[in-house]
Amino acid sequence: MSASVDCDNKKMAEEEKKVETENTERKIMKVENAISEIRKGKERKFDESIELIVNLKKFDMKKTQINIFASIPHKIKDKKICGFIEVKNNIIDTIPKSQFPVYKDKKKVKKLVNKYDFFIASPGNMPGVASTFGRVLGPAGKMPSPKMGIVMQETEKEIKDLVEKINHVVRIQSKEPSIKISIGKLSMGEKEISENVKSVYQSILNELPLRKDNVKSVMIKSTMGKPVKVEME
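Residue numbers (my numbering): 1 to 233.
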């Protein structure tokens, strides 16, 4: 990791700590009010993401890491999906097993992985996916998962249903006691953002052994804005 990335992470942590300290002296906002507060910030030239931050306590990340797919009622965008499957379709791009040797060059694999948001595969192709693409897919957090990325029959209906499901989930992976995940866009309605926040928060709670007792604080922020501490039911 570069020095600049370390510096950015340190700066973000300091900013979150400062906001948390400031919020102890004022009323913590409900999610809907926090979204309204965020909208008052400086207007940017791009559609900012809305991020949920859940800070944990009394939780040993060395023993238990967070790695889940959380459902959201309102999709953030249509994900670009690639399938390591044999049957061509009009829904997603596909790479059949016969084309795997084309990707012996690691640079080609990296280019492929950067091109797509999500990868799915058939069970029979998974060994080849692991050996050919795993060295890049794994670290990128894009390896087809039994929880969300396996196609059994390769029919158009099955693929269409899976794509719809994928577009309504966010993957939460964290090795740190502060979980940060994008749950929406500033252009979305307040109700949509709020429902996504609450849905993802509940999914995180379900993974914590002490549930709310493992939660130190919860905040939401826009990409360029300051975190706002929120009250979760």
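Glycine included, C-beta positions come from ideal geometry on N, C-alpha and C. None of these values were measured; they are calculated from a predicted model.
Report the CB separation of residue 44 from residue 224 in whole angstroms; it is logged as a contact under 8 Å. 6 Å
Use the C-beta contact count for residue 71: other C-beta atoms within 10 angstroms, 16 or more gives buried, fewer gives exposed. exposed
Drop a sphere of 10 angstroms on the beta-carbon of residue 176, count the other beta-carbons inside from all chains shown, and report buried for 16 or more, exposed for fewer. exposed
Is the region 148-164 in contact with the region 68-88, if contact means three or more CB pairs nearer than 8 Å? yes
Residue range of the alpha helix (DSSP H) that includes residue 162: 156-166
Decide yes or no for the touch test of the region 212-231 against the region 46-61: beta carbon pairs closer than 8 Å, at least 3 of them. yes
If we count the other Cβ atoms within 10 Å of its Cβ and call it buried at 16 or more, is residue 170 buried or exposed? buried
By a C-beta neighbour count over all protein chains shown, 10 Å radius and 16 as the cutoff for buried, is residue 64 buried or exposed? exposed
Residue span of the beta strand (DSSP E) that contains residue 186, given as start and end: Note, residue 186: premise wrong, no beta strand (DSSP E); not H, not E.
Please classify residue 46 as buried or exposed, where buried requires at least 16 other C-beta atoms within 10 Å of its C-beta. exposed
Going by beta carbon distance, what residues of the same chain come within less than 7 Å of residue 207, once the five residues before and after it are set aside? 66, 68
In three-state DSSP terms, what is residue 128? helix
I need the boundaries of the alpha helix (DSSP H) containing residue 32, first residue and last residue. 31-39
Would you list the residues sitting across from residue 173 in a DSSP beta bridge? 67
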